[in-house]
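Participant: The numbering of the sequence shown is the working numbering, which starts it at 4 and goes up by one.
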Amino acid sequence: MNPAGISLQSVDAGYDHGHVLQGLSFSVEPGEMVALLGRNGSGKTTALKTIMGILRAQSGRIEFSDIDITDKATYKIAGLGIAYVPETRGIFASLSVHEHLTLVGAKSGWSLDRIYDTFPRLAERRSHRGSKLSGGEQQMLAIARALRMGPRLLILDEPTEGLAPVIVEEIATIIEGLKHEGMTMVIVEQNYAFAARIADRIHIIGRGRLRWSGTPAEFDADDEVRFTWLGI
Ligand SMILES: Nc1ncnc2c1ncn2[C@@H]1O[C@H](COP(=O)(O)OP(=O)(O)OP(=O)(O)O)[C@@H](O)[C@H]1O
Ligand SMILES: [Mg+2]
């Protein structure tokens, strides 16, 4: 693996009604695992879509591994090695687990053997259709599919949303394994305990800007920041 970092510098982006991101800046170092936190509607998903070129930055700059990707097309950004697992997961109801995993793949990506080794649940269910998978299995399949592309940066939007605690644990183990191998990761989370446990660093977005950055220990110790920007 050849992990890469990413940085956003004063990025403005949004939808027709105006800017959601208002000078958003943050960075993720190669091999670092960052949790992106913030209230509903603060701009977390918008930031991820802007990184991927799904939304265009109106100003500012985004660099991945020292390459300016601000105005690149989504497929080019993906080709440079950023894999994005959206909240919606994108699993096809009529395709089997195995079909999902064989539809995509890059030379530098994970082999099927490695995928099934890392995700034994997917191995057990390899012939099951997407519609027959639980939410947790769909999430694992979405992550596995991303790894088939051999990403240098893996971005996950709310991977534990709606999942039972036992499945959240399985996903935590998988993410910790990826971190151990040095994968750079950005994870948006509403489950703050989960985020604080697995992240190297936490960035908090509030109303489209970076409001706070620190380690999980600093996050736990800072009641005021948690109350002001997360309401907890
Ligand atoms: N497709 C869209 N068109 C117009 N406005 C949108 C669209 N998607 C999001 N927004 C608005 O942009 C703002 C930021 O939304 P975003 O989805 O980035 O928030 P978020 O931090 O991911 O929130 P959540 O925790 O609910 O997922 C919100 O005010 C939202 O209503
Ligand atoms: Mg979101």
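Positions of the beta carbon are idealized from the N, C-alpha and C atoms, including for glycine.
Would you check if the segment 201-210 and the segment 25-41 touch, i.e. whether three or more CB-CB distances between them fall below 8 Å?
Facilitator: yes
Participant: Measure the C-alpha to C-alpha separation of LEU181 and THR91 and round it to an integer number of angstroms.
Facilitator: As a position in the sequence shown, residue 181 is number 178, starting the count at 1. As a position in the sequence shown, residue 91 is number 88, starting the count at 1. Between LEU181 and THR91, the C-alpha separation is close to 22 Å.
Participant: Reducing DSSP to helix, strand and coil, say where PHE29 ends up.
Facilitator: If you number the sequence shown from 1, residue 29 lands on position 26. The answer is strand: DSSP assigns PHE29 an E or B state.
Participant: According to the neighbour-count rule (16 or more other Cβ atoms, all chains shown, within 10 Å of its Cβ), is ASP74 buried or exposed?
Facilitator: Against the sequence shown, residue 74 aligns to sequence position 71. The residue is exposed, with fewer than 16 neighbouring Cβ atoms inside 10 Å.
Participant: What beta strand (DSSP E) runs, 3 residues minimum, are completely inside the segment 146-194?
Facilitator: 156-160 and 187-191
Participant: Within the segment 29-96, note down every full alpha helix (DSSP H) run reaching 4 residues or more, in order along the chain.
Facilitator: 47-54 and 77-83
Participant: Residues bridged to VAL23 by DSSP?
Facilitator: Numbered from its first residue, the sequence shown carries residue 23 at position 20. Under DSSP, VAL23 shares a beta bridge with no residue.
Participant: Counting along the chain, where does the beta strand (DSSP E) carrying VAL228 start and finish?
Facilitator: Taking the first residue of the sequence shown as position 1, residue 228 is located at position 225. VAL228 -> not in any beta strand (DSSP E); alpha helix (DSSP H) instead, spanning 226-233.
Participant: Would you check if the distance between the CB atom of GLY217 and the CB atom of LEU27 is smaller than 8 Å?
Facilitator: Counted from its first residue, the sequence shown places residue 217 at position 214. Counted from its first residue, the sequence shown places residue 27 at position 24. Cβ distance not < 8 Å, so GLY217 and LEU27 don't count as in contact.
Participant: Check LEU253 in the structure and name its three-state DSSP category.
Facilitator: Shown here, the chain extends from 4 to 235; a query on residue 253 therefore has no answer.
Participant: How many whole angstroms separate the CB atoms of PRO162 and GLN142, which I take to be in contact at a CB cut-off of 8 Å?
Facilitator: One-based indexing of the sequence shown puts residue 162 at position 159. One-based indexing of the sequence shown puts residue 142 at position 139. Confirmed, about 6 Å.
Participant: Which of the three DSSP states, helix, strand or coil, is assigned to SER134?
Facilitator: The sequence position of residue 134 within the sequence shown is 131, counting from 1. Of the three classes helix, strand and coil, the one that applies to SER134 here is helix, per DSSP.
Participant: Write down the C-beta distance between ASP262 and ALA50 rounded to the nearest angstrom, noting that I regard them as a contact closer than 8 Å.
Facilitator: This structure does not reach residue 262, given that the chain is present from 4 up to 235, and the question cannot be answered.
Participant: DSSP three-state call for LEU115: helix, strand or coil?
Facilitator: Position 112 of the sequence shown, counted from the start, is the residue given in the question as residue 115. Correct three-state label for LEU115: helix.
Participant: Using DSSP bridges, identify the partner residues of ILE208.
Facilitator: As a first step, residue 208 is located in the sequence shown; it is residue number 205 there, counting from the start. Answer is LEU213.
Participant: From the DSSP secondary-structure annotation, give me the bridge partner or partners of ALA199.
Facilitator: Translated into positions along the sequence shown, residue 199 becomes position 196. In DSSP, ALA199 forms no bridge with anything.
Participant: Classify PHE288: buried if its beta carbon has 16 or more other beta carbons within 10 angstroms, exposed otherwise.
Facilitator: The displayed coordinates of the chain run from 4 to 235. Any statement about residue 288 would go beyond what the structure contains.
Participant: Is the segment 99-110 in contact with the segment 174-191, if contact means three or more CB pairs nearer than 8 Å?
Facilitator: Contact check between the segment 99-110 and the segment 174-191: fewer than three CB pairs, one atom from each, fall below 8 Å, which does not count as touching.
Participant: What number of angstroms, rounded off, separates the C-alpha of LYS236 from the C-alpha of ILE80?
Facilitator: What is shown of the chain runs 4 to 235, which leaves residue 236 out entirely.
Participant: Any idea what DSSP makes of ALA16, helix, strand or coil?
Facilitator: What you label residue 16 is simply residue 13 of the sequence shown in a count that begins at 1. Strand at ALA16.
Participant: Quick check: the segment 148-161 against the segment 124-134, are there 3 or more CB pairs under 8 Å?
Facilitator: Between the segment 148-161 and the segment 124-134 there are fewer than three C-beta pairs closer than 8 Å, too few to call the two in contact.
Participant: For VAL171, which of GLY153, LEU156, GLU140 and PHE95 has the nearest alpha-carbon?
Facilitator: Position 168 of the sequence shown holds residue 171. VAL171 has its Cα closest to that of GLU140, out of GLY153, LEU156, GLU140 and PHE95.
Participant: Let's test the definition: count the other Cβ atoms within 10 Å of the Cβ of ALA196 and tell me whether it reaches 16, buried, or not, exposed.
Facilitator: Position 193 of the sequence shown, counting from 1, holds the residue named residue 196. So ALA196 counts as exposed.
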